[in-house]
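Worksheet for the structure shown next.
Protein chains: 2
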Amino acid sequence: MDGATNAGVARIVGPPSMSKLASDALRTMILSGELRPGDRVVENRLTVQLGVSRPPLREALKELEYEGLVVQHPRRGAVVTPITQHDVYEIVTMREELETMAVRLGVPVRSPELLRPVADALRALERAAEGGDEAAVTAHGFAFHLAVVGLGGHRRLADAYRALALQMQLCMGLNRRARKDREDLAGNAARHRELLRVIEAGDQDATLAALAAHGHRTFLAEIVDGLGGATPRSREWLRELRENG
Amino acid sequence: MDGATNAGVARIVGPPSMSKLASDALRTMILSGELRPGDRVVENRLTVQLGVSRPPLREALKELEYEGLVVQHPRRGAVVTPITQHDVYEIVTMREELETMAVRLGVPVRSPELLRPVADALRALERAAEGGDEAAVTAHGFAFHLAVVGLGGHRRLADAYRALALQMQLCMGLNRRARKDREDLAGNAARHRELLRVIEAGDQDATLAALAAHGHRTFLAEIVDGLGGATPRSREWLRELRENG
DNA sequence: TCACGCTCTATTGTAGACAGTAGTCAGATG
DNA sequence: CATCTGACTACTGTCTACAATAGAGCGTGA
């Protein structure tokens, strides 16, 4: 989804590019929970912490802003995106919409080798599940879904999906402690394997159904309770979610 | 869709922020056709042209990159996004998808005053149509659709839609000369008025139908013919489009 | 005691300069 | 004559330094 497709030139050894290093480091800090939503992100502090100068750091911040992980207030600095209930509503609904669109576009998959990224992600996920590495399972789970979306052959769609997936991970970091789906690691892997199976079978409807069932609805309820920023819309959505799920 | 919603603080008089000035100027240059797809965007040249220094210009470029108007190759500079046939396919399909989602969310409109931005855009469009200002009609047309999408009350959706609308305008700049829908200015305004009417009536299905009929299918055919970069997917899409339209 | 204004500090926005890399063209060699 | 190698040029990536702004804290006056 990134530089590998640049003008058809496969860059094996890319220039490390301080900006990219900084943005990757920052992203990791945020998704790992080292920086929590609402925390201020002060430029000078991070420059000494990451060992880069301010210009590349500012570029990194701008990149994360477009990924939705930080927000920048004009003259008051940057903050890790504070997540409201309405934000969760937006992230989840749009993510579902895009994933659905991708499946409609891509699921009777055109050539079998396109499935390799999906299969690779699944293997990594299963390995992580066996090893009991919860964080890795989450990460590979997102990679799996991203790969599925990639089947649509729609770059803009995949990019938008990726940003939403990142924000979703940000949300999940909120209740890492409170989360108790640890027992579900094996089940998680199994659900993903089933998903790959129906995709391989070329059954679009079954894929959509599996995605709908496999959504993060269970964990959503836990997250949302601890959040403010509800809107009529988000409340309505949450109510429907609880009734139907 | 922008700073006006920042933390609930309405910034009346914003700091001009060289970056924003630069990005606005650049956007205008690109959408007006002064810079055409494929043109290199050299930083030093623009700094003297716009009168800003390189850091803010680089921020502006990054902003435009996330809007999809320029692409940056790692150590080789930026170019105005070259539009391929597949790009048009992506832009149009995703735009339709997002607009549909927004209408599903927003169209039995919750409170009448939400329609004001839509009505304002329509008035501006009609004025421009009467004046025969073709460019203004196009711009206000996009503003109208953006306002319609805003009815969904879904910020992330609206942001994504805005980026796609910009890219759409970039495409339209491609065949400004060849375009001969000038006679359609009044009809254009009429279609938008009809759209507002069904929205006001709260008829979701009629709104969706009006949007589907009102799409830019006619002009798309003209654009696409001059483009390379076709893919199996884009070819298929185009064929269906021509059969059904 | 409270409200208002001022100063001061922390932090961001911007500028200019330097270094390193990619692309290009000329020259030499087979 | 073709091809490879070398230096050159232009551009980007990065850094340090300066200017300007917003927020906090304190002092003064009513």
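If you read the sequences in order, they're chains D and V. If you use our numbering, the first sequence corresponds to residues 1 to 245, in order. If you use our numbering, the second sequence corresponds to residues 246 to 490, in order. Ideal placement from N, C-alpha and C gives every residue a C-beta, glycine not left out. Just so you know, these numbers come straight off a predicted model, no measurement behind them.
Any beta carbon from chain D within less than 7 angstroms of G473(V)'s own beta carbon?
Translated into positions along the second sequence, residue 473(V) becomes position 228. Cβ-Cβ to chain D under 7 angstroms: no for G473(V).
When the Cα atoms are used, what is the spatial distance from M94(D) to H145(D)?
Counting from one through the first sequence, the residue named residue 94(D) turns up at place 94. Counting from one through the first sequence, the residue named residue 145(D) turns up at place 145. For M94(D) and H145(D), the distance between alpha carbons rounds to 14 angstroms.
Just checking: is the beta-carbon of E248(D) within a distance shorter than 7 angstroms of some beta-carbon in chain V?
Because chain D in this structure spans residues 1 to 245, residue 248(D) falls outside the shown range and cannot be described.
Alpha carbon to alpha carbon, how far is L280(V) from G418(V)?
The count along the second sequence starts at 1 and reaches residue 280(V) at position 35. The count along the second sequence starts at 1 and reaches residue 418(V) at position 173. In a straight line, the C-alpha of L280(V) is about 10 angstroms away from that of G418(V).
Please identify the residue among L195(D), P232(D), R239(D) whose C-alpha is closest to the C-alpha of V103(D).
By one-based count along the first sequence, residue 103(D) stands at place 103. Closest by alpha carbon: L195(D).
Report the rounded CA-to-CA distance for A189(D) versus L125(D), giving the unit in angstroms.
Position 189 of the first sequence, counting from 1, holds the residue named residue 189(D). Position 125 of the first sequence, counting from 1, holds the residue named residue 125(D). Rounded to whole angstroms, A189(D) to L125(D) spans 7 angstroms at the Cα level.
Selection of the stretch 137 to 164 of chain D by Cβ proximity to chain V, strictly under 8 angstroms:
G153, H154, R155, R156, L157, A160, L164
Kindly list, in the order they appear in chain V, the residues whose Cβ is closer than 7 angstroms to that of R233(D).
The residue given as residue 233(D) occupies position 233 in the first sequence. Going along chain V in sequence order, the residues near R233(D) (Cβ under 7 angstroms) are G398.
Can you find the residues in the same chain that come closer than 7 angstroms, C-beta to C-beta, to G300(D), ignoring five residues on each side of it along the sequence?
The structure shown does not extend to residue 300(D), since chain D is modelled only from 1 to 245, so the question has no answer here.
Taking buried to mean at least 16 other C-beta atoms within 10 Å of its own C-beta, is V287(V) buried or exposed?
Looking up residue 287(V) in the second sequence gives position 42. With fewer than 16 other Cβ atoms within 10 Å, it is exposed.
Under 7 angstroms, do G30(D) and L69(D) count as touching if we go by C-beta distance?
In the first sequence, residue 30(D) corresponds to position 30, counting from 1. In the first sequence, residue 69(D) corresponds to position 69, counting from 1. Position check: residue 30(D) holds Ile in this sequence, whereas Gly was assumed. It is a contact, given that the beta carbons lie within the stated cut-off.
Quick one: list the residues of chain D neighbouring P301(V), beta-carbon separation under 9 angstroms, in chain order.
Position 56 of the second sequence, counting from 1, holds the residue named residue 301(V). Neighbours of P301(V) on chain D: none; closest Cβ ~10 angstroms, over 9 angstroms.
Contact check, V88(D) vs C171(D), beta carbons under 7 angstroms:
Reading the first sequence from its first residue, position 88 is the one you call residue 88(D). Reading the first sequence from its first residue, position 171 is the one you call residue 171(D). Taking 7 angstroms as the Cβ cut-off, V88(D) and C171(D) qualify as a contacting pair.
Minimum Cβ-Cβ distance from M339(V) to chain D less than 7 angstroms
Here residue 339(V) corresponds to residue number 94 of the second sequence, with the count starting at 1. Yes, M339(V) counts as interfacial toward chain D.
Going by DSSP, which residues form a beta bridge with H318(V)?
Here residue 318(V) refers to the residue found at position 73 of the second sequence. Answer by DSSP bridge pairing, in chain order: G322(V).
Would you identify the three-state DSSP class for R285(V), choosing helix, strand or coil?
As a first step, residue 285(V) must be located in the second sequence, where it is residue number 40. R285(V) falls in the strand class under three-state DSSP.
Buried or exposed by the 16-neighbour rule on C-beta atoms within 10 Å, applied to A213(D):
Working through the first sequence from its first residue, we reach residue 213(D) at position 213. With fewer than 16 Cβ atoms within 10 Å of its Cβ, A213(D) is classed as exposed.
Could you pull the start and end residues of the alpha helix (DSSP H) that A373(V) belongs to?
The residue labelled residue 373(V) in the question sits at position 128 within the second sequence. Where A373(V) is concerned, the enclosing alpha helix (DSSP H) stretches over 361 to 376.
Where does R272(V) fall in DSSP's three states?
Stepping through the second sequence from its first residue, residue 272(V) is reached at position 27. DSSP places R272(V) in helix when its eight states are reduced to three.
Does the stretch 290 to 300 of chain V come close enough to the stretch 441 to 448 of chain V that 3 or more CB-CB pairs lie under 8 angstroms?
no
Flag this pair as touching only if the stretch 73 to 93 of chain D and the stretch 316 to 329 of chain V have three or more C-beta atom pairs under 8 angstroms; answer yes or no.
no
Please report the distance separating the alpha-carbon of A255(V) from that of G132(D).
Looking up residue 255(V) in the second sequence gives position 10. Looking up residue 132(D) in the first sequence gives position 132. For A255(V), the predicted model reports a pLDDT of 40, less than 50, meaning its position is unreliable; a value from the coordinates is still stated below. Cα to Cα, the separation comes out at about 48 angstroms.
Three-state secondary structure (DSSP) at H493(V)?
Any property of residue 493(V) remains undetermined from this structure, which presents chain V solely from 246 to 490.
CB of Q85(D) within 7 angstroms of CB of A230(D), strictly
Translated into the one-based positions of the first sequence, residue 85(D) becomes position 85. Translated into the one-based positions of the first sequence, residue 230(D) becomes position 230. For Q85(D) and A230(D), yes; Cβs fall inside 7 angstroms.
Proximity test, Cβ basis, 7 angstroms: E90(D) and chain V:
As a working note, residue 90(D) is residue 90 in the first sequence. Yes, because at least one Cβ of chain V sits closer than 7 angstroms to the Cβ of E90(D).
Quick check: A366(V) and A392(V), are their CB atoms within less than 7 angstroms of each other?
As a position in the second sequence, residue 366(V) is number 121, starting the count at 1. As a position in the second sequence, residue 392(V) is number 147, starting the count at 1. Their beta carbons are under 7 angstroms apart, which means A366(V) touches A392(V) by this criterion.
Should L295(V) and A267(V) be called a contact, given that it needs their Cβ atoms to be closer than 7 angstroms?
Here residue 295(V) refers to the residue found at position 50 when the second sequence is read from its first residue. Here residue 267(V) refers to the residue found at position 22 when the second sequence is read from its first residue. Yes, the Cβ-Cβ distance between L295(V) and A267(V) is below 7 angstroms.
Under a three-way DSSP split, which group does I468(V) fall into?
Residue mapping note: residue 468(V) aligns to position 223 of the second sequence, counting from 1. Reduced to three states, the DSSP call for I468(V) is helix.
Mind pulling the alpha helix (DSSP H) runs of 4 or more residues that sit fully within the stretch 407 to 448 of chain V?
430 to 445
Applying the criterion that 16 or more other CB atoms from any shown protein chain within 10 Å of the CB defines a buried residue, is A252(V) buried or exposed?
Taking the first residue of the second sequence as position 1, residue 252(V) is located at position 7. Low per-residue confidence applies at A252(V): pLDDT is 33, beneath 50, and the placement is therefore not dependable, though the value from the model is reported in the following sentence. Exposed is the call here.
Going by the C-beta, is R407(V) closer than 6 angstroms to any heavy atom of the ligand COA?
With respect to small molecules bound, the structure shown includes none, and the ligand COA cannot be examined in it.
In terms of residues, what are the limits of the alpha helix (DSSP H) holding S234(D)?
Numbered from its first residue, the first sequence carries residue 234(D) at position 234. First-last of the alpha helix (DSSP H) with S234(D): 232 to 244.
Using only the alpha-carbon positions, how far apart do V293(V) and E236(D) sit?
One-based indexing of the second sequence puts residue 293(V) at position 48. One-based indexing of the first sequence puts residue 236(D) at position 236. When rounded, the distance between both Cα atoms is 53 angstroms.
Say whether chain D places a C-beta atom closer than 7 angstroms to the C-beta of M263(V).
As a working mapping, residue 263(V) is identified with position 18 in the second sequence. No - not a single Cβ of chain D is within 7 angstroms of the one on M263(V).
Out of H437(V), N289(V), N420(V), R372(V), state which residue places its alpha-carbon closest to the alpha-carbon of F387(V).
The residue labelled residue 387(V) in the question sits at position 142 within the second sequence. Selected option, being the one with the closest Cα: H437(V).
Helix, strand or coil for P301(V)? Go by DSSP, reduced to three states.
Taking the first residue of the second sequence as 1, we reach residue 301(V) at position 56. Three-state result, P301(V): helix.
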